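Down below is the structure, laid out as structure tokens.
2 protein chains.
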Amino acid sequence: MTAPTPIRPTATDAEVCCSRLLAEPLGADDASELAAAFKALADPVRLQLLSLIAVAPGGTACSCDLEEPVGRSQPTVSHHLSILADAGLITKEKIGRWVNCTIVPERLAQLRDLLGT
Amino acid sequence: MTAPTPIRPTATDAEVCCSRLLAEPLGADDASELAAAFKALADPVRLQLLSLIAVAPGGTACSCDLEEPVGRSQPTVSHHLSILADAGLITKEKIGRWVNCTIVPERLAQLRDLLGT
DNA sequence: TCAATGTATCGACAGTTATCGATGAATGCA
DNA sequence: TGCATTCATCGATAACTGTCGATACATTGA
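Which chain is which? The protein sequence lines are A and B, in order.
The opening position of the first sequence corresponds to residue 1 in our numbering, with each subsequent residue numbered one higher.
The opening position of the second sequence corresponds to residue 118 in our numbering, with each subsequent residue numbered one higher.
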């Protein structure tokens with residue numbers, strides 16, 4: 001997860017028609033990077049958090065409003081939010097005592113495009 | 118993973134514009150189902166296997182030809198292939214002594230669409 | 001029928017992960 | 001300054017997961 005790849009690279013090559021995943025044999029390094037990205041989505045609590053943040057006004061929600069809907073403790077929610085942030089799926093901004101979590105739809109689109117276009 | 122949802126549902130509702138994940142607060146059950154699907158993709162070895170199968174002629178590869186490229190033992194490869202099959206990402210067909218694994222691109226497209234359209 | 005081969009299953013083990021309570025740090029308010 | 005609140009970190013624990021060797025099963029060919 002180093003260089004931010006473009007969201008929708010203009011396909012100049014005709015072979016870039018389907019999935020990057022399906023276009024060529026995946027190397028071990030690329031596979032690890034990709035797997036790490038999907039790992040962030042591979043947990044029901046994180047998917048719920050992501051969904052709650054996405055549907056909140058402006059795609060932004062306070063961390064404190066997320067504990068009750070997912071039914072987990074504050075440390076657990078904090079842990080999952082950090083994982084989502086590390087994966088680039090949300091951003092966390094500290095406003096006073098609160099932490100505002102904002103969805104990053106471009107990142108979601110990026111992962112989507114890895115599965116096919 | 119019960120009812121096979123259509124690959125690209127015709128969006129009659131204007132609100133079905135982006136991601137199912139981002140369209141509404143995800144329930145715990147839906148979240149678990151979705152997470153299970155992404156879990157199958159959240160491992161580098163499985164991604165490599167998927168890639169190898171996809172680029173093989175006809176999108177089909179013999180299980181025996183996959184152990185060497187991923188550098189894992191036969192039981193481990195068998196284990197991962199079962200997970201991919203359970204997730205609907207590949208099908209396994211026993212031909213004599215061999216097991217032919219075939220990619221299911223529709224399933225991949227399904228997961229892609231869950232991230233956005 | 002027997003040996004060889006491809007695959008699945010079993011048992012074990014190490015590493016990872018989700019979870020929580022307790023605690024500490026940072027901020028805002030009275 | 002002191003207190004309440006919000007969040008992150010720590011430590012512990014239970015559950016899950018990836019991995020392999022050993023072994024059992026199934027099929028083919030001699």
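Even for Gly, the Cβ is constructed at its ideal location relative to N, Cα and C.
The model shown is predicted, which means the values in this text are computed figures rather than measured ones.
Coarse secondary structure for residue i, derived from DSSP in three states
{"i": "B/Thr-208", "result": "strand"}
{"i": "A/Ala-61", "result": "strand"}
{"i": "A/Val-104", "result": "coil"}
Contacts of residue i in chain A (Cβ-Cβ under 7 Å)
{"i": "B/Arg-229", "result": "Arg-112, Leu-115 and Gly-116"}
{"i": "B/Pro-161", "result": "Ala-28, Ala-31, Ser-32 and Ala-35"}
{"i": "B/Ala-226", "result": "Gly-116"}
Delimiting residues of the alpha helix (DSSP H) encompassing residue i
{"i": "B/Thr-193", "result": "191-203"}
{"i": "B/Leu-164", "result": "161-172"}
{"i": "B/Glu-185", "result": "184-187"}
{"i": "A/Leu-34", "result": "28-41"}
Closer than 9 Å at the beta carbon, the chain B residues around residue i
{"i": "A/Ala-85", "result": "In chain order: nothing, as chain B lies at least about 17 Å away."}
beta-carbon residue i near the ligand FMN non-hydrogen atom, thresh 8 Å
{"i": "A/Ser-63", "result": "By its list of ligands, the structure shown contains no ligand whatsoever, and the ligand FMN lies outside what it can speak to."}
Partners in chain B for residue i, counting only beta-carbon separations shorter than 8 Å
{"i": "A/Leu-21", "result": "Leu-164, Leu-167, Ser-168, Ala-171 and Leu-225"}
{"i": "A/Glu-24", "result": "Ser-168 and Val-172"}
Rounded Cβ spacing between residue i and residue j (contact assumed at less than 8 Å)
{"i": "A/Thr-91", "j": "A/Val-104", "result": "6 Å"}
{"i": "B/Ala-159", "j": "B/Leu-169", "result": "About 18 Å separates the two Cβ atoms, so there is no contact after all."}
{"i": "B/Arg-163", "j": "B/Ala-154", "result": "That belief does not hold up - the Cβ atoms of B/Arg-163 and B/Ala-154 are roughly 12 Å apart, past 8 Å."}
{"i": "B/Leu-206", "j": "B/Leu-167", "result": "6 Å"}
Within chain B, partners of residue i - CB distance below 7 Å
{"i": "A/Lys-39", "result": "Ala-159"}
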